[in-house]
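Below: one structure, written as structure tokens.
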């Protein structure tokens with residue numbers, strides 16, 4: 001696994017030992033970041049959260065392309081070791097934070113993030129559940145982009161979020177989402 005573009009282009013990424021995580025393939029990551037670049041233009045100064053982070057490859061890629069800060073959230077110990085190893089290898093400690101624990105236990109955000117990257121286990125529905133929770137906890141605002149990798153046949157359907165684009169890649173699917181334009185306050189969504 002390598003960083004695809006930006007400051008750390010072509011540098012290797014550490015992957016977690018064992019088979020508890022499924023790192024995003026280089027081809028899938030490249031497609032995802034091409035989709036995001038066509039919408040965002042630039043990653044400069046973005047606040048990013050890499051959720052279900054695994055090796056942290058998605059967040060590291062965003063940092064390499066100019067993101068100001070990335071929060072990595074992961075609960076698997078081997079994956080956390082890989083994330084910390086990658087952060088150290090890229091000397092990115094000042095631009096990162098690591099939270100050991102479940103995405104489902106995150107607290108309210110002080111302000112919305114610019115980009116949420118989610119790579120939950122396939123066929124669990126965890127991506128949609130996490131997005132619904134994060135929407136209610138203030139992680140998602142009008143300018144937030146969300147990217148979720150799921151199994152190709154897995155649907156992401158969250159009240160208050162619109163699907164901007166979907167792209168199938170092998171056994172997986174990338175989905176980009178945005179807050180529905182008529183949602184001013186996510187806390188007013190029906191329960």
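Residue numbers (my numbering): 1 to 191.
A virtual CB, placed ideally from N, CA and C, is assigned to each residue, including glycine.
Just so you know, the alpha carbons of residue 102 and residue 86 end up roughly 20 Å apart.
Judged by their CB atoms, residue 124 and residue 148 are not nearer to each other than the 7 Å cut-off. Of 126, 1, 39, 27, the smallest CA-CA separation from residue 165 is found for 39.
In this structure, residue 48 sits near residue 70, with a CB-CB distance shorter than 7 Å.
Cβ contact annotation for residue 128 (same chain, cutoff 7 Å, sequence separation greater than five): 156, 157, 158, in chain order.
The Cβ atoms of residue 83 and residue 90 do not sit closer than 7 Å to each other.
Under the criterion of beta carbons closer than 8 Å, residue 63 and residue 117 do not qualify as touching, at roughly 11 Å. Uninterrupted beta strand (DSSP E) stretches at least 3 residues long and entirely within the segment 105 to 163 occur at 115 to 118, 145 to 151, given in chain order.
The beta carbon of residue 145 sits closer than 6 Å to the beta carbons of 115 from its chain, once the five residues preceding and following it are set aside; these are given in chain order. Restricting attention to 34, 17, 14, the CA atom closest to the CA of residue 5 is found in 34. Under DSSP, residue 177 shares a beta bridge with 146, 163. In this structure, the beta-carbon distance from residue 171 to residue 150 does not fall below 7 Å. Apart from sequence neighbours up to five positions away, the residues of its chain that approach residue 95 with a beta-carbon distance below 8 Å are 63, 67, 68, 69, 70, ordered along the chain.
The Cβ atoms of residue 137 and residue 108 sit closer than 7 Å to each other. Residue 11 and residue 119 have their C-alpha atoms some 21 Å from each other.
Rounded to whole angstroms, the separation of the alpha carbons of residue 2 and residue 26 is 7 Å. At the C-beta level, residue 28 and residue 163 stay beyond 7 Å of one another. Residue 88 sits exposed, since fewer than 16 C-beta atoms from the chains shown fall within 10 Å of its C-beta. Nearest to residue 61 by alpha-carbon distance, out of 77, 79, 37, is 37.
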